[in-house]
DNA sequence: GGCACACTTGACGTTAACGTAAGGGGCATC
DNA sequence: GATGCCCCTTACGTTAACGTCAAGTGTGCC
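The structure is reproduced here in structure tokens:
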């Protein structure tokens with residue numbers, strides 16, 4: 008039952024993908040409008056195949072890491088278009104490498120921000136341990152957050 | 008000469024900070040409008056001190072890691088406001104921890120994206136080595152990018 | 001045939017984060 | 001005293017990424 012999601016011949020309605028990836032139909036149509044997706048049609052209705060679904064995954068991940076739809080489109084195009092000759096591919100390669108450098112810089116930024124926040128946490132924890140140890144959030148609260156995240160992962164487990 | 012940047016009593020004009028952090032005056036006034044900054048005044052003119060400058064650094068880093076100005080403001084407020092009692096601090100602590108979890112998730116996303124792009128690079132490199140080894144970008148190009156990044160770092164070296 | 005439901009297109013509305021233009025004050029300098 | 005430069009406020013414009021609403025089509029079901 009989870010295995011027919013794997014069957015490459017399986018297709019998806021717009022709603023299927025919306026539910027699976029928690030986006031709205033409007034968003035998918037918008038991505039299509041912008042040239043990031045081009046699902047087949049059955050009459051008027053859109054029919055998404057596995058390739059479309061994979062592209063959507065890339066789009067959403069791209070968004071999460073802060074890329075604009077235009078940038079994502081460019082990358083997707085590069086992925087596709089590279090039968091247009093070796094020169095094209097060389098250009099794509101360069102752009103990919105640039106993106107990697109940018110992402111690495113961004114990751115360093117994030118690590119810095121995390122450190123900063125951790126410093127703040129430490130200070131506050133020390134203060135609270137001193138003043139009001141009863142107010143210190145304990146393992147119980149923390150577990151809730153972790154559980155929430157794990158649930159989220161479970162939801163999308165088959166989507167990976 | 009770089010050392011008077013360190014002197015805590017030193018103040019800055021709006022242009023000083025704009026040049027140093029490569030933002031526009033409009034942006035600084037906008038942040039003030041939104042309550043993220045509140046520099047002193049000398050007549051009508053804004054006068055920024057070291058605390059304002061530090062806040063600006065945090066704002067810009069927050070932006071780079073994808074936080075909205077509203078979220079950044081919330082964090083900054085939490086940093087300040089924590090003389091408002093231990094209860095407040097406990098709430099701040101919780102929010103800080105949430106932010107940390109979110110940032111860690113985002114970093115994992117970025118790592119995933121980097122891996123994906125690296126995979127694409129590898130495939131393209133193999134293809135090119137096969138077909139047109141002359142088109143392979145070489146150390147020279149790569150160094151340029153690195154140099155650009157190092158220059159950027161050097162520009163902001165005293166800002167760290 | 002009438003109803004519900006999912007899909008479609010088209011068009012206007014919305015929010016965040018500024019950009020930009022208009023109009024004006026303060027101070028140095030030629 | 002006119003020019004130039006930096007600062008100010010007010011206010012309207014802009015872009016991205018959708019949200020929302022209107023109006024229409026097609027499909028199954030009772």
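Protein chains in written order, with the numbering used here: chain A, 8 to 167; chain B, 8 to 167.
Virtual Cβ for every residue (Gly too), placed ideally from N, Cα, C.
- Counting only residues of its own chain and dropping the five nearest sequence neighbours on each side, residue 70 of chain B has a CB closer than 8 Å to the CB of 76 and 79.
- Residues of chain A whose Cβ lies closer than 8 Å to the Cβ of residue 116 of chain B are, in chain order, 68, 71 and 72.
- Contact holds between the stretch 27-46 of chain A and the stretch 55-63 of chain A, because three or more Cβ pairs, one in each stretch, are under 8 Å apart.
- DSSP links residue 103 of chain A through a beta bridge to no other residue.
- A residue is called buried when at least 16 other Cβ atoms come within 10 angstroms of its Cβ; residue 52 of chain A does not meet this threshold and is exposed.
- In the assembly as shown, residue 138 of chain B is an exposed residue. Its beta-carbon has fewer than 16 other beta-carbons within 10 Å.
- Proximity to residue 41 of chain B across B:107, B:81 and B:91 peaks at B:81, based on C-alpha coordinates.
- The three-state reading of DSSP puts residue 89 of chain A in coil, since its state is none of H, G, I, E or B.
- It is roughly 47 Å from the alpha-carbon of residue 15 of chain B to the alpha-carbon of residue 128 of chain B.
- For residue 49 of chain A, the enclosing beta strand (DSSP E) has its first and last residue at 47-49.
- Residues of the same chain with a CB within less than 7 Å of the CB of residue 88 of chain B, apart from the 5 flanking positions on each side, are 95 in chain order.
- CA-CA distance, residue 145 of chain B to residue 86 of chain A, rounds to 21 Å.
- Contacts with chain B at 9 Å (Cβ-Cβ) do not include residue 75 of chain A.
- For residue 38 of chain A, no Cβ of chain B is located within less than 9 Å of the residue's own Cβ.
- The Cβ of residue 104 of chain B sits closer than 9 Å to at least one Cβ of chain A.
- The beta carbons of residue 110 of chain A and residue 100 of chain B sit no closer together than 9 Å.
- When DSSP states are grouped into helix, strand and coil, residue 22 of chain A belongs to the helix group.
- Residue 121 of chain A sits away from residue 124 of chain B, with the two beta carbons spaced by 9 Å or more.
- When DSSP assignments are scanned along the stretch 48-79 of chain A, the uninterrupted stretches of alpha helix (DSSP H) that are 4 or more residues long and fall wholly within it turn out to be 57-71.
- Secondary structure at residue 140 of chain B: helix, using DSSP grouped into helix, strand and coil.
- Using a Cβ-Cβ cut-off of 9 Å, residue 78 of chain A does not count as an interface residue toward chain B, since no Cβ of chain B sits closer than that to its own.
- Annotation: residue 15 of chain B is outside any alpha helix (DSSP H) and is labelled neither H nor E by DSSP.
- Using a CB distance below 8 Å, the part of the stretch 119-133 of chain B facing chain A consists of 119, 120, 121, 123, 124, 125, 127, 128, 131 and 132, ordered along the chain.
- If you draw a straight line from the Cα of residue 130 of chain A to the Cα of residue 140 of chain A, it comes to about 14 Å.
- When the Cα atoms are used, residue 142 of chain A and residue 93 of chain B turn out to be separated by approximately 8 Å.
- For residue 35 of chain A, the uninterrupted alpha helix (DSSP H) segment begins and ends at 32-40.
- Within a 10 Å sphere around the beta-carbon of residue 47 of chain A sit fewer than 16 other beta-carbons, which makes this residue exposed.
- For residue 111 of chain A, the chain B residues whose C-beta falls within less than 7 Å of its own C-beta are 121, listed in chain order.
- Contact between residue 43 of chain A and residue 83 of chain A is confirmed by a C-beta separation of about 6 Å, below the 8 Å threshold.
- Around the Cβ of residue 45 of chain B, a 10 Å sphere holds fewer than 16 other Cβ atoms; the residue is exposed.
- For residue 34 of chain A, the closest of A:118, A:67 and A:90 by C-alpha to C-alpha distance is A:67.
- Judged by their CB atoms, residue 117 of chain A and residue 114 of chain B are nearer to each other than the 9 Å cut-off.
- Cα atoms of residue 55 of chain B and residue 31 of chain B: separation of roughly 15 Å, rounded to the nearest angstrom.
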